[in-house]
Amino acid sequence: MKTIETKIITENVKRLCIEAATFIESDVLNKIKNCIKNEEGLSKSILEQIVENDEIASNENVPMCQDTGITIVFVEIGNEVFINGDLEAAINAGVSQGYTEGYLRKSVVKSPLNRVNTKDNTPAIIHIKHVLGDTLKITACPKGAGSENMSKVKMLVPADGINGIKKFVKETIVEAGGRACPPLVVGIGIGGNLEKAAILAKEALLRPIDDESADEDAKALEKELLKEINELKVGPMGLGGNTTALAVKINLYPCHIASLPVAVNLQCHASRHKVVIL
Ligand code: SF4
17 MKTIETKIIT
27 ENVKRLCIEA
37 ATFIESDVLN
47 KIKNCIKNEE
57 GLSKSILEQI
67 VENDEIASNE
77 NVPMCQDTGI
87 TIVFVEIGNE
97 VFINGDLEAA
107 INAGVSQGYT
117 EGYLRKSVVK
127 SPLNRVNTKD
137 NTPAIIHIKH
147 VLGDTLKITA
157 CPKGAGSENM
167 SKVKMLVPAD
177 GINGIKKFVK
187 ETIVEAGGRA
197 CPPLVVGIGI
207 GGNLEKAAIL
217 AKEALLRPID
227 DESADEDAKA
237 LEKELLKEIN
247 ELKVGPMGLG
257 GNTTALAVKI
267 NLYPCHIASL
277 PVAVNLQCHA
287 SRHKVVIL
């Protein structure tokens with residue numbers, strides 16, 4: 017049995033929050049750089065400015081965007097790991113320290129009705145999964161409101177089929193326009209039920225930008241949707257162009273015979289997520 021002290025968890029969550037805010041993951045950044053050659057004029061200039069903005073933010077250790085997000089934390093805890101203390105309190109302490117010491121914008125209100133700021137960006141939204149092994153995997157995924165607000169979940173029915181899924185995804189992206197700050201990573205959860213589909217879509221955003229679904233049907237749909245989304249010509253920041261989405265990621269789960277839940281979680285080009293394995 018491996019023992020992990022809560023102060024180690026707090027230190028790491030703090031670091032992940034600051035790093036996620038200050039530089040884009042290299043796979044996403046390389047994808048954006050590759051897309052520059054497919055653009056010209058304004059759309060090309062926007063992608064170049066996104067790359068330059070990332071360079072400035074990482075060199076000067078400042079946030080790449082004013083909206084440093086609400087922090088979603090995915091935890092995978094092995095059955096041979098003992099946490100010496102309160103795991104969720106340790107994560108929230110790390111978020112608090114990261115946002116305070118890193119001078120990141122505090123974007124969380126205590127109640128959606130009274131709108132009073134908690135002043136340290138806590139609480140995080142924490143998802144805990146139990147797995148086999150002796151490691152603790154923590155993924156911090158700060159999510160800005162621009163792209164999150166334009167995300168959607170819809171309970172389709174089996175008769176809607178693949179065409180219904182595509183229609184819903186593309187309508188969501190067109191409606192979002194520039195408000196989700198494209199180019200996007202499009203996370204899609206299909207299956208489960210209402211809340212499971214939404215979590216699947218969020219988890220899909222954490223996949224490497226160039227990976228493909230292990231499921232052949234999902235893999236084919238990812239390719240088709242990426243092509244069709246880019247044909248919409250929403251373009252970088254919604255101002256037209258060939259690069260509306262950098263990637264489409266589909267995660268599946270079994271569902272009821274009468275259901276076809278679909279969630280579309282839009283992620284902006286900042287695509288913030290950082291991982292540590294303890
Ligand atoms: S959607 Fe992303 S890039 Fe746009 S304002 Fe929000 S965090 Fe920043």
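Under the working numbering, the residues of the sequence shown are numbered 17 to 294, in order.
Glycine residues also receive a C-beta, built at the ideal position from the N, C-alpha and C atoms.
It should be emphasised that the depicted structure is a prediction, and the values quoted were computed from it without experimental measurement.
Selection from the options that minimises the alpha carbon distance to residue i
i	options	result
L282	G203, R223 and Y115	G203
T155	V190, C33, T138 and V280	C33
T19	N130, G85, G160 and E96	E96
F90	S229, D176, P158 and C271	P158
A196	G207, V125, T260 and T26	T260
G85	I25, P198 and A37	A37
T22	S74, L103, I181 and K218	L103
I245	T116, N108, E191 and G162	E191
E247	G254, N258, M253 and E238	N258
N137	K153, H146, Y119 and K145	Y119
T116	T134, N130 and N100	T134
E41	T26, A73, I178 and I24	A73
K30	N108, N179, M17 and G94	N108
Endpoints, alpha helix (DSSP H) assigned at residue i
i	result
A279	Run containing A279: none in the alpha helix (DSSP H); it sits in the beta strand (DSSP E), L276 to Q283.
I34	T22 to T38
G180	G177 to A192
N318	Since the displayed the chain opens at 17 and closes at 294, residue 318 lies outside it and no answer follows.
Neighbour flag for residue i against chain B, beta carbons, 8 Å
i	result
G205	In summary, chain B is missing from the structure at hand, where a single protein chain is found.
Residue i, DSSP secondary structure in three states
i	result
L221	coil
C51	helix
C166	As written in the sequence, residue 166 is Met, which differs from the Cys given in the question. M166 falls in the coil class under three-state DSSP.
A286	coil
N46	helix
T84	coil
G207	strand
N246	helix
N108	helix
G94	strand
L294	coil
K239	helix
Segment limits, beta strand (DSSP E) that includes residue i
i	result
Y119	Here Y119 belongs to no beta strand (DSSP E), and DSSP marks it neither H nor E.
K153	L152 to K159
N267	A261 to C271
A135	The amino acid at residue 135 is misidentified as Ala; the sequence shows Lys. Premise fails: K135 is in no beta strand (DSSP E) and is neither H nor E.
K145	I141 to V147
N258	Looking at the DSSP string, N258 is not in any beta strand (DSSP E), and its letter there is neither H nor E.
Beta carbon of residue i nearer than 8 Å to that of residue j
i	j	result
L45	P174	no
S59	G256	yes
V169	L210	yes
L216	N267	yes
E76	L63	no
D70	F39	yes
Residue i beta carbon near the ligand SF4 (any heavy atom closer than 7 Å)
i	result
G11	Residue 11 is absent from the model: the chain starts at 17 and stops at 294.
G194	no
A263	no
S163	yes
G254	no
C157	no
C197	yes
G160	yes
C33	no
C51	no
A105	no
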